[in-house]
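Q:
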Amino acid sequence: MDEKMFNLMEKMYSEMQEMKENMATKEDLARIEENMEKIEKIW
């Protein structure tokens, strides 16, 4: 594999990892929703 192709693959991989880290999981979303409901009850 030539260096240019390797660098492109490496960049794509790191960008995908970053996207994965920034994505909320279903558990995160459920927790956020639960907190929103609690806040709404207080108001």
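In my numbering, the protein residues as written are -5 to 37.
We treat Cβ as the ideally placed atom computed from N, Cα and C, and that holds for glycine.
All values derive from a computational prediction rather than experimental measurement.
For the alpha helix (DSSP H) holding D22, just list the boundary residues, first then last.
A: Element bounds for D22: 20 to 36.
Q: At what residues does the alpha helix (DSSP H) containing M17 begin and finish?
A: Careful: M17 lies outside any alpha helix (DSSP H) and carries neither H nor E.
Q: If you draw a straight line from the C-alpha of D22 to the C-alpha of I36, how long is it?
A: Rounded to the nearest angstrom, the two C-alpha atoms are 21 Å apart.
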